[in-house]
Structures are given as C-alpha cells and as structure tokens.
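Undergrad: Numbering (the numbering used here), first residue to last: 20 to 263. We treat Cβ as the ideally placed atom computed from N, Cα and C, and that holds for glycine. I'd like to ask you about the structure that follows.
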Ligand code: NDP
C-alpha cells in the first residue's frame, strides 16, 4: 500500500468474529485499524498478518468493562495519530439461560460488557470527536435489539439498551455520525462461552446452520464508513436469507 491510511478506526472486541472480520476488511480498504480485546496474543497475530498484507494496524489490551481501560485505548490512539475518526463498539458476550436459573453473574457480565462497555466507548470518544467537529461511532446491536426470545432476556435487554443509546446519540448529534449495525445469526465465537450448556449448544447449531459470515457484517460497517461526512447511515439490520 502506498497511499496513507484514510481513517483511524478503533475496534473493540477485535480478537475474533465480527471484530476480527471488520479489522481485515477495513485494513484492506486502507484504513488504519487499532484493535482492542483481552486476548492480546490473538490481536498481535492479526496485526502481524494485516501488516504483512500491506495494511496499517496496531493493537492494545482492552477490557471494555473498565472505563480506564477504554479511556487509555482511545486516548492512546488519539495521542499517536492526532485524531480518531471511527470507533466501532463491537465487544460483546451472550450467555443464554432462563431467568429463573438466576445466573446473576452472567447477567452482570452481559450488562458490563455489552452496555457499560458501549457507554465507556462513547464517554472516551465523543468529547474528542465533538472537539474536532466530526467522527463516527458505530455500535453493534443485534436482531436481539428488536425482538425478545426466551433464554435471551438479559442479552436482549442489553441490546435494546444499546439501540436506545445509539438513537439518543443520533438525535443529539449534528457533527458526529452514529451507525447501529444489527446482525442476526453470524458465524463467530459468540456461542462458545457462557450460559446454560444445552441452550448454548442449540444456539450454536442454529448459528452454524442459519448464520452468515462475519465478513458480511464487516462489509456493512465498511459501507457506513465509506459514506461522505454529510451522510449518516443510522441503522442497518441484516440477517442471512436462511434465517428469514
Ligand atoms: P465473538 O465471541 O467472536 O467476539 C466477541 C469479541 O468481544 C471478542 O473479540 C472478545 O475478545 C470481545 N470481548 C468480550 N468481552 C470483552 C471485554 N470485557 N473487553 C474487551 N473485549 C471483550 O462474537 P461476535 O463477533 O459474534 O460478537 C461481536 C458483537 O456482535 C457482539 O456485540 C455481539 O453481541 C454482536 N452480535 C453477534 C451476533 C452473532 O450471531 N454472532 C448477532 C448479533 C450481534 P476477548 O475475549 O479477547 O476480550
């Protein structure tokens, strides 16, 4: 690649699934990607791979449940590059179980990662974008932000909440763009951890059968980023054709 990177893009939860696919797509598009997650070995390997392919990438350990960790992730990139153009609030966890199973630690974890993590990203990035008079915050919602299913009540609650946040951010913004990308079943590691094992296995099977590749979501994110600063793609809801 000979031309300089076009945008500085920060991606939370870039060590697998949608975040990883987004890093690949955006680096291939010529953007600089700053990758965050807890599994830094994965991030380091991905950065090596992206650089070997001519891309511009960096990584930093990130735990989105910590406001300080998110602030350091965002300010570190801002200090290095003098600006941040896009924050993709993607990190998320899903632990499926019925409410009466009272897996309260997992409720807290979903709230802390999916909702508080998104808020931490907004808190860190929005002032910098406002000061510059431009920027773009992309939130990964879900089809679970539009419909509640048994065993997914808490996960859906967090996704309804981030959808509300994204809409509020849109209404309050005249300079910073806001995009909510809400996928249905997508191939990733989301169903590999947490929740009731039997319910998790059923979700995994459904995702394997009906899911779309994570690269499809990355393509939607790339589309929103590629629009001119004067055009804000507010909401993308997408599912595999098979999911219906
Ligand atoms: P993955 O499990 O593959 O990826 C989740 C990512 O989140 C990982 O990179 C993980 O990194 C990161 N993460 C989890 N906890 C934290 C934390 N505390 N701090 C920082 N990063 C964290 O699943 P997906 O790619 O599917 O998930 C990405 C987003 O897409 C989530 O918000 C999810 O809710 C959403 N989504 C997924 C759908 C699907 O069917 N797959 C459908 C709709 C929405 P690490 O563990 O290394 O920290």
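1) Does DSSP put residue 125 in a helix, in a strand, or in coil?
2) Cutting at 8 Å between CB atoms, please list the residues of its own chain near residue 116, excluding the five before and the five after it.
3) Decide if residue 20 is buried, meaning its Cβ has at least 16 other Cβ atoms within 10 Å, or exposed.
4) Where does residue 203 land, buried or exposed, given buried means 16+ other C-beta within 10 angstroms?
5) How would you write the range of the alpha helix (DSSP H) that residue 188 sits in, first residue to last?
6) Spatial neighbours of residue 178 within its chain, please: C-beta separation below 6 Å, excluding the five flanking residues on both sides.
7) Using beta carbons (cut-off 7 Å, strictly below), is residue 112 in contact with chain B?
8) Shorter than 6 Å, the distance from the beta carbon of residue 199 to the closest heavy atom of the ligand NDP, or not?
9) One question on the structure: do residue 27 and residue 109 come within less than 7 Å of each other, judged by their Cβ atoms?
10) Please report how far the alpha carbon of residue 51 lies from the alpha carbon of residue 135, in whole angstroms.
11) How should residue 98 be labelled, buried or exposed, when 16 other C-beta atoms within 10 angstroms of its C-beta is the threshold for buried?
12) Less than 6 Å separating the Cβ of residue 82 from some heavy atom of the ligand NDP?
13) What is the DSSP secondary structure of residue 115, reduced to helix, strand or coil?
14) Taking its Cβ as the centre, do 16 or more other Cβ atoms sit within 10 Å of residue 195, making it buried, or is it exposed?
15) With respect to the beta strand (DSSP E) encompassing residue 156, which residues constitute its N-terminal and C-terminal limits?
16) Rounding to the nearest angstrom, what Cα-Cα distance links residue 182 and residue 68 in this structure?
17) Apart from the five residues just before and just after residue 262, which ones in its own chain have a Cβ nearer than 6 Å to its Cβ?
18) What span of residues does the beta strand (DSSP E) with residue 146 cover, start to end?
19) Determine the direct distance from the alpha carbon of residue 62 to that of residue 73, and round the result to whole angstroms.
TA: A quick look at the data gives this:
1) Three-state DSSP puts residue 125 in a helix.
2) 122, 125, 170, 214, 215 and 218.
3) A caution first: residue 20 carries a pLDDT of 47, below 50, which makes its placement in the model too unreliable to give a value.
4) When all chains shown are included, residue 203 counts as buried.
5) Residues 172-191.
6) Excluding positions up to five away in sequence, the list reads 160, 161, 163 and 164.
7) Included in the structure is just one protein chain, with no chain B present.
8) Not under cutoff, so the answer is no.
9) No, Cβ-Cβ distance for residue 27 and residue 109 is not below 7 Å.
10) Whole-angstrom Cα-Cα distance: 26 Å.
11) Residue 98 is exposed by the Cβ-count criterion.
12) Checking the 6 Å criterion, the Cβ of residue 82 is within range of a heavy atom belonging to the ligand NDP.
13) It is coil, neither helix nor strand.
14) Burial state of residue 195 is buried, judged by a 10 Å Cβ sphere holding 16 or more other Cβ atoms.
15) Note, residue 156: beta strand (DSSP E), 154-159.
16) For residue 182 and residue 68, the gap between their C-alpha atoms comes out near 33 Å.
17) Exclusion of the five residues before and after residue 262 leaves 203, 204 and 229 as the residues of its chain whose Cβ lies within less than 6 Å of its Cβ.
18) Careful: residue 146 lies outside any beta strand (DSSP E), inside the alpha helix (DSSP H) at 136-151.
19) One C-alpha to the other measures close to 17 Å.
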